[in-house]
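*Asks:* Encoded as structure tokens, here's the structure I'll be asking about.
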Amino acid sequence: MILPAMPHLRRPRPVAFVVSLLIAWLVLGLLAFGLRRGPIEKNLAERASDAVRRAGAAHIEVTVTGTVAILHGDFASPAAAQAALRAAKVDGVSSARLGDDALVATRPARPLVLTYADGQLTVRATVPDPERRAALLADVADVTGGRLTSDITVDPSAGAPQLPPLAGLVTALTRAPGTYTLTVDGSSLALTGTVANESTRVGLGAAVLTAGRAGDAGVVLDNQLVIAATGADEGGAGGTPAGGESAEAALAAATAGHPVTFAPGSAALSAADRASLDGVAAALRAGAPPALVAGHADSTGPVAFNQTLSLRRAEAAVAYLVSKGVPPTSLRAVGFGSSRPAADNATAGGRATNRRVEITFDSPA
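So this is what it looks like as structure tokens:
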């Protein structure tokens with residue numbers, strides 16, 4: 001009797017099975033690492049960026065590849081670049097290097113100088129490349145409508161000037177008649193020139209400082225403006241009174257480029273509002289005509305609520321001006337609610353503009 005042939009079952013080889021298992025675990029591990037790598041690199045980049053900013057390099061961008069931090073941007077000197085590289089080596093970062101687009105100046109950045117005379121603005125600066133020259137000119141031209149004179153030198157060895165927003169500075173500088181020079185050296189501003197009276201001196205200084213602090217709260221101003229000799233004390237015989245056209249100019253300078261605005265539903269003055277009102281107070285103290293302080297609201301909320309809120313805003317501004325020495329009898333607070341918008345209430349930016357106080361000289365009824 002012939003038995004049928006039985007199939008021969010091959011047992012898996014232990015070694016091959018173990019190798020296959022290890023490969024599978026390795027593939028899974030690589031996949032898991034790949035999924036985690038992005039968040040890990042992002043966390044390292046955020047912590048390294050914070051450390052670099054604390055070291056004084058506020059304009060430097062940090063990216064991380066693996067555990068290597070890469071720094072991008074302009075450095076004022078080799079020492080500044082080395083300090084930033086050291087700061088970037090936070091826990092988890094194995095090394096730090098400069099990116100291919102990093103620029104290290106071998107000479108310090110030079111100040112930017114804005115001069116306003118006879119209605120004409122002149123810009124003087126030194127930048128490391130043509131792109132920065134074009135960007136600087138564009139920022140200023142947007143405000144002046146292209147009416148300016150430029151003397152901007154391109155020097156690849158020079159550091160790039162770190163500037164506060166120029167639009168507000170130019171607006172503040174060109175609103176008051178006279179001849180002024182503003183020197184911008186990082187976060188330090190120096191204002192020189194001649195003005196008609198103390199009100200204009202203080203008002204223009206406050207306007208420039210507020211505009212500078214819009215981009216950097218650490219900006220400081222050295223106000224070196226001097227009052228032109230008139231042969232008599234300001235406001236006395238032969239002098240220039242604070243009222244009339246000079247008072248109008250002082251008030252315009254104090255409010256140029258930085259209106260007094262409010263948070264939604266609030267009548268509280270911000271630090272920027274108080275800085276603006278400091279200049280207004282200086283313009284109103286020395287015998288200026290009576291002023292109308294008009295409060296406004298955006299269109300959100302009931303009409304009655306907006307009317308009350310706008311009056312509270314005007315009263316808050318009046319109270320602050322009185323605390324700064326403006327006679328209360330020379331101020332009149334009114335609230336217009338949302339009836340006089342300055343911008344479109346359909347947008348968030350428009351509503352923010354409309355939550356405001358405007359100060360003008362009060363016309364007789």
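Take the sequence shown: its position 201, counting from 1, is numbered 201 in full-length UniProt numbering, and each next residue is one higher.
Even glycine gets a Cβ: it sits at the ideal position worked out from N, Cα and C.
Could you give the uninterrupted runs of the beta strand (DSSP E) lying entirely in the segment 53-134, keeping only those of 3 residues or more?
*Replies:* As far as the segment 53-134 is concerned, its whole beta strand (DSSP E) runs of at least 3 residues are 61-65, 68-72, 95-98, 112-117 and 120-127.
*Asks:* DSSP three-state call for S157: helix, strand or coil?
*Replies:* For the purposes of this step, residue 157 is identified with residue 157 of the sequence shown, where counting begins at 1. Of the three classes helix, strand and coil, the one that applies to S157 here is coil, per DSSP.
*Asks:* Within its chain, find whatever has a CB closer than 7 Å to the CB of Y320; leave out the 5 residues flanking it on each side and keep chain order.
*Replies:* On the sequence shown, residue 320 is found 320 positions in, with the first residue counted as 1. Counting only Cβ-Cβ distances below 7 Å, and skipping sequence neighbours, we find L269, R274 and L277.
*Asks:* Look up V226 in the DSSP assignment and say whether it is helix, strand or coil.
*Replies:* Taking the sequence shown and counting its residues from 1, one reaches residue 226 at position 226. It is a strand residue.
*Asks:* Can you tell me whether P164 is buried or exposed? The criterion is at least 16 other CB atoms within 10 Å of its CB, across all chains shown.
*Replies:* For this step, residue 164 is matched to residue 164 along the sequence shown. Per the 10 Å Cβ criterion, buried.
*Asks:* Do the CB positions of R351 and H296 come within less than 8 Å of each other?
*Replies:* Within the sequence shown, residue 351 is the residue found at index 351, counting from 1. Within the sequence shown, residue 296 is the residue found at index 296, counting from 1. Their beta carbons are not under 8 Å apart, which means R351 does not touch H296 by this criterion.
*Asks:* Mind checking D74: buried by the 16 CB within 10 Å criterion, or exposed?
*Replies:* Indexing the sequence shown from 1 puts residue 74 at position 74. Flag for D74 reads buried.
*Asks:* When you compare the segment 80-88 with the segment 141-148, are there three or more beta-carbon pairs, one atom per stretch, that lie closer than 8 Å?
*Replies:* They do not touch, by the three-pair rule.
*Asks:* Does DSSP classify V260 as helix, strand or coil?
*Replies:* For the purposes of this step, residue 260 is taken as residue 260 along the sequence shown, with counting starting at 1. V260 falls in the strand class under three-state DSSP.
*Asks:* Excluding sequence positions up to five away, which residues of its chain have a Cβ less than 6 Å from the Cβ of T115?
*Replies:* Against the sequence shown, residue 115 aligns to sequence position 115. Answer for T115: T122 and T181, listed in chain order.
*Asks:* May I ask you to list the residues that DSSP assigns as paired with residue 373?
*Replies:* Only positions 1 to 365 of the chain appear in the structure, and residue 373 is not among them; the question remains open.
*Asks:* Can you list, in chain order, the residues of its chain with a C-beta nearer than 8 Å to that of A105? Leave out the 5 residues immediately preceding and following it.
*Replies:* What you label residue 105 is simply residue 105 of the sequence shown in a count that begins at 1. For A105, where only same-chain residues beyond five positions count, the Cβ hits under 8 Å are D74, F75, A76, S77, P128, S157, A158, G159 and A160.
*Asks:* Would you call T65 buried or exposed, if buried means 16 or more other Cβ atoms sit within 10 Å of its Cβ?
*Replies:* To locate residue 65, count along the sequence shown from 1; it is residue 65. Classification for T65: exposed.
*Asks:* How many angstroms separate the CA atom of S199 from the CA atom of A250?
*Replies:* The sequence position of residue 199 within the sequence shown is 199, counting from 1. The sequence position of residue 250 within the sequence shown is 250, counting from 1. Those two C-alpha atoms are separated by around 6 Å.
*Asks:* With C-beta atoms as the reference, is S94 less than 8 Å away from T67?
*Replies:* Locating residue 94 in the sequence shown gives position 94, counting from the first residue. Locating residue 67 in the sequence shown gives position 67, counting from the first residue. Yes, these two residues count as a Cβ contact at 8 Å.
*Asks:* A190 bridges to which residues according to DSSP?
*Replies:* The residue labelled residue 190 in the question sits at position 190 within the sequence shown. T183 and D222.
*Asks:* I'd like to confirm the pairing. Which residues does DSSP put opposite F361 in its beta bridges?
*Replies:* Indexing the sequence shown from 1 puts residue 361 at position 361. DSSP, once it has assigned bridges, lists A291 as partnering F361.
*Asks:* Would you check if the distance between the CB atom of A176 and the CB atom of L209 is smaller than 8 Å?
*Replies:* Here residue 176 corresponds to residue number 176 of the sequence shown, with the count starting at 1. Here residue 209 corresponds to residue number 209 of the sequence shown, with the count starting at 1. Cβ distance not < 8 Å, so A176 and L209 don't count as in contact.
*Asks:* Would L254 and A207 qualify as a contact pair, given that the criterion is a beta-carbon distance under 8 Å?
*Replies:* Against the sequence shown, residue 254 aligns to sequence position 254. Against the sequence shown, residue 207 aligns to sequence position 207. The amino acid occupying residue 254 in the given sequence is Ala; Leu does not appear at that position. Contact: yes.
*Asks:* Report the partner residues of V195 according to the DSSP bridge assignment.
*Replies:* Walking along the sequence shown from the start, residue 195 turns up at place 195. Looking at the DSSP assignment, V195 forms a beta bridge with I227.
*Asks:* What does the Cβ neighbour count give for L112, buried or exposed, with the cut at 16 atoms within 10 Å?
*Replies:* Taking the sequence shown and counting its residues from 1, the one referred to as residue 112 is at position 112. Buried is the call here.
*Asks:* Would you call the CB atoms of Q224 and A190 closer than 8 Å?
*Replies:* Position 224 of the sequence shown, counted from the start, is the residue given in the question as residue 224. Position 190 of the sequence shown, counted from the start, is the residue given in the question as residue 190. Taking 8 Å as the Cβ cut-off, Q224 and A190 qualify as a contacting pair.
*Asks:* Have a look at Q307, A304 and T329 and flag the residue whose alpha-carbon is nearest the alpha-carbon of P290.
*Replies:* Taking the first residue of the sequence shown as 1, we reach residue 290 at position 290. The shortest Cα separation from P290 among Q307, A304 and T329 belongs to T329.
*Asks:* Checking contacts by CB at 8 Å: is D278 closer than that to chain C?
*Replies:* Absent from the structure: chain C. Only one protein chain is present.
*Asks:* Could you pull out every residue in the same chain whose Cβ sits closer than 8 Å to the Cβ of A102, ignoring the five residues on either side in sequence?
*Replies:* As a working mapping, residue 102 is identified with position 102 in the sequence shown. Here the set comprises L71, H72, G73, D74, F75 and A81.
*Asks:* Of the choices V52, V184, E46 and G56, whose alpha-carbon is the least far from that of D222?
*Replies:* As a first step, residue 222 is located in the sequence shown; it is residue number 222 there, counting from the start. Ranking V52, V184, E46 and G56 by Cα distance to D222 puts V184 first.
*Asks:* Express the C-alpha separation of F262 and T347 in angstroms, rounding to a whole number.
*Replies:* Here residue 347 refers to the residue found at position 347 of the sequence shown. Here residue 262 refers to the residue found at position 262 of the sequence shown. So the alpha carbons of these two residues sit roughly 16 Å apart.
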